[in-house]
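Enquirer: In the numbering used here, the protein residues as written are 163 to 401.
Beta carbons are placed, not taken as given, at the ideal position from N, Cα and C, and that holds for glycine.
Okay, here's the structure, questions in a sec.
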Ligand code: DC
């Protein structure tokens, strides 16, 4: 895929954007193609939210910030590559939680949890350490703006809210979760709003990010688009 004569330089690829626009699928394919490490930062915020739900940090639908901040010292998040999925699974204190973090319950509470300053500080520091040696594809909301403002390639992904809700609905249905389409759409729209309007590290397009609207693009088309952009960046780094 690389036409340049020298070895491609290992870079950081930052992918930010709305929920359910296929960031993880896209990021995973890129990482597999390049032999990079893929880090799903949303999974880290979801893992903290799950821990809070299971350990009284969220009680009767109320998010207790003080308890969650205290819990941060009890939580160790690790990733282990799962060859079957072609991506890393997330573990909390050694327990595999990959399947438990994608429920509608976790989705409903992850925005308030991810707007807690101490939560962000802990997870951002971990993300920076994981990407320190470059060669990573990281997806989230603030990767190109806060975590790696010096990322060589920044992509801002977007897609129509209804298209995104349809994708998430199909995923939840496949897992057997009983949820209505309207509930999923409502969650997508309210998370967009919460992610863009929170005080700390809101979702926004970095000035030097390029936009990928994949509402009507197949995965193959997105990969072709990516290959052109990756080669452009490599040419500019080697010029
Ligand atoms: O990508 P996702 O839908 O799994 O992310 C879950 C939530 O985590 C999302 O609503 C916003 C939050 N998040 C964040 O605040 N910063 C990130 N870098 C990644 C996710």
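(1) CB of residue 305 to nearest heavy atom of the ligand DC: below 8 Å?
(2) At a threshold of 8 Å, does residue 366 count as lining the ligand ZN (C-beta to nearest heavy atom)?
(3) Keeping to the same chain, check which residues put their C-beta closer than 7 Å to that of residue 359; ignore five residues upstream and five downstream.
(4) If you pair each beta-carbon of the stretch 338-355 with each one of the stretch 286-298, do three or more pairs fall below 8 Å?
(5) When DSSP builds the beta bridges, which residues end up paired with residue 244?
(6) Just how far apart, CA to CA, sit residue 198 and residue 396?
(7) Across which residues does DSSP place residue 374 in a beta bridge pair?
(8) Look up residue 344 in the DSSP assignment and give the residues it is bridged to.
(9) Please name the residue in 387, 307, 183 and 172 whose C-alpha comes closest to that of residue 322.
(10) Is the stretch 168-179 close to the stretch 216-234, with three or more CB pairs under 8 Å?
(11) Does the stretch 372-384 touch the stretch 311-319, meaning 3 or more C-beta pairs lie closer than 8 Å?
(12) Quick one: what does DSSP say residue 205 is sitting in, helix, strand or coil?
(13) Among the candidates 235, 272 and 305, whose CA atom is the shortest distance from the CA of residue 223?
(14) Leaving out five residues before and five after residue 259 in sequence, what residues of the same chain have Cβ atoms less than 7 Å from its Cβ?
(15) Using alpha carbons as the reference points, say which of 306, 255 and 336 lies closest to residue 264.
(16) Can residue 225 be considered in contact with the ligand DC, in the sense that its beta carbon sits closer than 8 Å to one or more heavy atoms?
(17) In the DSSP assignment, what are the bridge partners of residue 385?
(18) When burial is assigned at 16 or more other CB atoms within 10 Å of the CB, is residue 250 buried or exposed?
Expert: Considering the structure as presented:
(1) Position 143 of the chain shown, counted from the first residue, corresponds to residue 305. Yes, the beta carbon of residue 305 sits closer than 8 Å to at least one heavy atom of the ligand DC.
(2) Although the ligand ZN was asked about, the structure shown includes only the ligand DC as ligands.
(3) The residue labelled residue 359 in the question sits at position 197 within the chain shown. Taken in chain order, the list of residues that qualify is empty.
(4) In the pairwise beta carbon analysis, the stretch 338-355 is classified as not touching the stretch 286-298: fewer than three pairs are separated by under 8 Å.
(5) Within the chain shown, residue 244 is the residue found at index 82, counting from 1. By DSSP's assignment, residue 244 forms a beta bridge with 249.
(6) Numbered from 1 along the chain shown, position 36 holds the residue referred to as residue 198. Numbered from 1 along the chain shown, position 234 holds the residue referred to as residue 396. Distance between the alpha carbons of residue 198 and residue 396 is about 15 Å.
(7) In the chain shown, the residue the question calls residue 374 occupies position 212. Residue pairing from DSSP places residue 374 in a beta bridge opposite 319.
(8) Residue 344 sits at position 182 when you count from the first residue of the chain shown. When beta bridges are read from the DSSP output, residue 344 appears opposite no residue.
(9) For this step, residue 322 is matched to residue 160 along the chain shown. With respect to the C-alpha of residue 322, the residue from 387, 307, 183 and 172 having the closest C-alpha is 183.
(10) Note that the stretch 168-179 does not touch the stretch 216-234; fewer than 3 beta-carbon pairs, one per stretch, sit closer than 8 Å.
(11) They touch, by the three-pair rule.
(12) For the purposes of this step, residue 205 is taken as residue 43 along the chain shown, with counting starting at 1. Assignment of residue 205 by DSSP, reduced to helix, strand and coil, places it in the helix class.
(13) Looking up residue 223 in the chain shown gives position 61. Here the closest residue by C-alpha is 272.
(14) In the chain shown, counting from the first residue as 1, residue 259 sits at position 97. Only 209, 212, 252 and 253 meet the Cβ criterion.
(15) Taking the first residue of the chain shown as 1, we reach residue 264 at position 102. Ranked by how close their Cα comes to the Cα of residue 264, the residues 306, 255 and 336 have 336 in first place.
(16) Start at 1 with the first residue of the chain shown, and residue 225 comes out as number 63. No, Cβ of residue 225 sits at least 8 Å from all heavy atoms of the ligand DC.
(17) What you label residue 385 is simply residue 223 of the chain shown in a count that begins at 1. Paired residues: none, contrary to the question.
(18) The sequence position of residue 250 within the chain shown is 88, counting from 1. Under this definition residue 250 is a buried residue.
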